[in-house]
Amino acid sequence: MISIKSENTDYLIYIGYNLTEIKQKYAVKSTSSFVSILNDNKQISFFEFENKVSRNLIIRTDLINEKIKQLPKDQNMQIMLVFDTYQEIRNALPVVYNFPIYSKKTSGPQRKVYLDFVCKEKVDYQELNVLLNGILKTQLLVDMPPNELNTNRFVQEAKDLVAKLNNEHVSIKVIEGEELKSKFGGIYNVGKAAVEPPRLVVLSYLPPSEKTICLVGKGIVYDSGGLSIKATLFMCGMKHDMGGAASVLASFESIVTQKVQKKVYALLCLAENAVSSKSLRNDDIITMYSGKTVEVNNTDAEGRLVLSDGVAYCSQNLKPDLIVDIATLTGAQLITTGLKHAAILTPSEKTEQFVIKCGKDSGDLVYPILYAPEILLDNFKSKVADLKNSVKDRMNAQCSCAGIFIEQHLGDYKGEWCHVDIAGKCKLIVGPASHEDRGTGYGASLLYEIVKQY
Ligand SMILES: [Zn+2]
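The opening position of the sequence shown corresponds to residue 26 in the working numbering, with each subsequent residue numbered one higher.
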């Protein structure tokens, strides 16, 4: 368990790229990157890393993560992050994912970890606490197995949050059953084969404000691939396929708790992509919320189907200035922007720069990908419907294509839109949303920052 607090523990570690002053305080002369001393029977370590970064990183959090993994697993400890700026602290905060909450182990060490900061700038502890909770909550939901976190439980999590927030501007609407079936062809068809039914959850936070932002999360609580079933190796870890919806729910909590003065709708597109005699088939043609028809050629490309209904609902009903959808959408994201940066796709250069800035400020980094629908749309051509759901050519900017499919459902929407791909997860590959079989808590801080700065 990790919390933001200064507490006296047997073990203390300072982490930063410039520990000169701290080391002087303890009369440590060594300049090696990792030094430990005994001070009044207390072990104190100093991890000073070389923060050589290019323009797309702020802090080498990868080095911090590596070091944290080597620390004793059974000891209570105090971690002090030492940085010059609040932005650097924010960038280092996601390393708390190394102390996950979820476990079903019946034995093993229990430890308490306290986190505190040494910073030349003013540190907003209230905000950091809220962000810490957002990261840990996202990670907890991602780590929960699908036999616990099914669609019913996810809806309950959202309802419980609304009750907990107890805010006059907050409400919740759950679209399900006949209404979902008759209008939301994407969400309904993807989830119809599962025991627990699909839902669209719409959380609203509507304080007085001129600006309205919609956050739309992919919430596939389990992705077997459907009839285009995944091989075992690729199916393990697919509980993580709701990482987008988890970050939307967690950021909603952060936004309301911090009383950010923007109108916010948080949409959770919840479904289990299961196999049964009722499954969506390849060759089926479905009608989406946008009115567009889709010939299914890969039931494992289901994320774009549920998200498209989500963004179409926003554009038609909620009058947003900005729609952000976030999803563990494609394995191709990893090839495109790597393990640490989520891929962002948007028609607007201004929106692109804005989201990059929010990524840098929050520590949930992003990098833009090719936006060229005039060329890429050809990938989804169908002889019998408006679109197919999976690309013709996997070697043609696949990550961009998935986002461009979603854009087709925005209709005549004139506001801004940004698609965030936080990647898929399987035994072989990991992305921003998960690492070494654990959620990273990616997304909650990014979405909070986008809403705060918009
Ligand atoms: Zn899939």
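All residues carry an ideal CB built from backbone N, CA and C; glycine is no exception.
Item: Does ligand 1 have a heavy atom nearer than 7 Å to the CB of residue 182?; Value: no
Item: Within 7 Å: the Cβ of residue 248 and any heavy atom of ligand 1?; Value: yes
Item: Grouping DSSP H, G and I as helix and E and B as strand, with all else coil, what is residue 359?; Value: helix
Item: Under the three-state reduction of DSSP, which class applies to residue 443: helix, strand or coil?; Value: strand
Item: Taking 7 Å as the line, does the beta carbon of residue 411 fall inside it for any heavy atom of ligand 1?; Value: no
Item: Given a threshold of 16 other Cβ atoms within 10 Å of its Cβ, counted over all protein chains shown, does residue 375 qualify as buried or as exposed?; Value: exposed
Item: Return the bridge partner residues of residue 238 from the DSSP annotation.; Value: 289 and 347
Item: Within the present structure, is the beta-carbon of residue 297 separated from the nearest heavy atom of ligand 1 by less than 7 Å?; Value: no
Item: Counting Cβ pairs, one atom from each stretch, are 3 or more of them under 8 Å apart for the segment 134–144 and the segment 167–176?; Value: no
Item: Would the beta-carbon of residue 269 be found less than 7 Å away from any heavy atom of ligand 1?; Value: no
Item: Between residue 107 and residue 27, is the Cβ-Cβ spacing less than 8 Å?; Value: no
Item: Please confirm if the segment 235–254 is in contact with the segment 187–198, defined as three or more CB-CB distances below 8 Å between the two stretches.; Value: no
Item: Among the residues of its own chain, which have a CB less than 7 Å from the CB of residue 53, if the five just before and after it don't count?; Value: 60, 62 and 71
Item: At the level of alpha carbons, what is the spacing between residue 130 and residue 462?; Value: 15 Å
Item: Quick one: which unbroken alpha helix (DSSP H) runs of 4-plus residues sit fully inside the segment 139–208? Chain order, please.; Value: 150–168, 176–190 and 202–208
Item: When the Cα of residue 367 is compared with those of 79, 114 and 467, which residue comes out closest?; Value: 467
Item: For residue 84, which residues of its own chain have a beta-carbon under 6 Å away from its beta-carbon, when the five flanking residues on both sides are left out?; Value: 113, 116 and 117
Item: With a threshold of 8 Å, are at least 3 pairs of Cβ atoms found where one atom belongs to the segment 343–354 and the other to the segment 264–271?; Value: yes
Item: For residue 238 versus residue 345, is the C-beta spacing smaller than 8 Å?; Value: yes
Item: Report back the beta-carbon spacing between residue 273 and residue 348 to the nearest angstrom; my notes put them in contact at under 8 Å.; Value: That pair is no contact at about 12 Å.
Item: Using the Cβ count rule (16 or more neighbours within 10 Å means buried), how would you classify residue 150?; Value: exposed
Item: What are the partner residues of residue 16, as DSSP defines its beta bridges?; Value: No answer is possible for residue 16: it lies beyond the span of the chain, which begins at 26 and ends at 479.
Item: Thinking C-alpha only, which one of 119, 64 and 35 is nearest residue 29?; Value: 119
Item: Roughly how many whole angstroms lie between the Cα atoms of residue 44 and residue 37?; Value: 14 Å
Item: Rounded to the nearest angstrom, what separates residue 282 and residue 46 at their Cα positions?; Value: 36 Å
Item: Cα-Cα, which of 398, 35 and 460 is closest to residue 373?; Value: 398
Item: For the candidate residues 378, 370, 290 and 447, whose alpha-carbon lies nearest to that of residue 363?; Value: 447
Item: Is the segment 299–306 touching the segment 174–189, taking contact as three or more C-beta pairs under 8 Å?; Value: no
Item: Quick one: is the Cβ of residue 326 within less than 7 Å of any heavy atom of ligand 1?; Value: yes
Item: What is the DSSP secondary structure of residue 453, reduced to helix, strand or coil?; Value: With a pLDDT of 44 at residue 453, under the threshold of 50, the predicted position of this residue should be treated as unreliable, though the coordinate-derived value follows. Three-state DSSP puts residue 453 in coil, outside helix and strand.
Item: Under the rule that 16 or more other beta-carbon atoms within 10 Å means buried, what is residue 121, buried or exposed?; Value: buried
Item: How do the segment 426–441 and the segment 226–233 stand: do at least 3 beta-carbon pairs fall below 8 Å, yes or no?; Value: no
Item: Using beta-carbon positions only, say whether residue 292 and residue 391 come within less than 8 Å of one another.; Value: no
Item: Count the other CB atoms within 10 Å of the CB of residue 97; is the residue buried (16 or more) or exposed (fewer)?; Value: exposed
Item: Look up residue 383 in the DSSP assignment and say whether it is helix, strand or coil.; Value: helix
Item: State the Cα-Cα distance for the pair residue 444 and residue 269, rounded to the nearest angstrom.; Value: 11 Å
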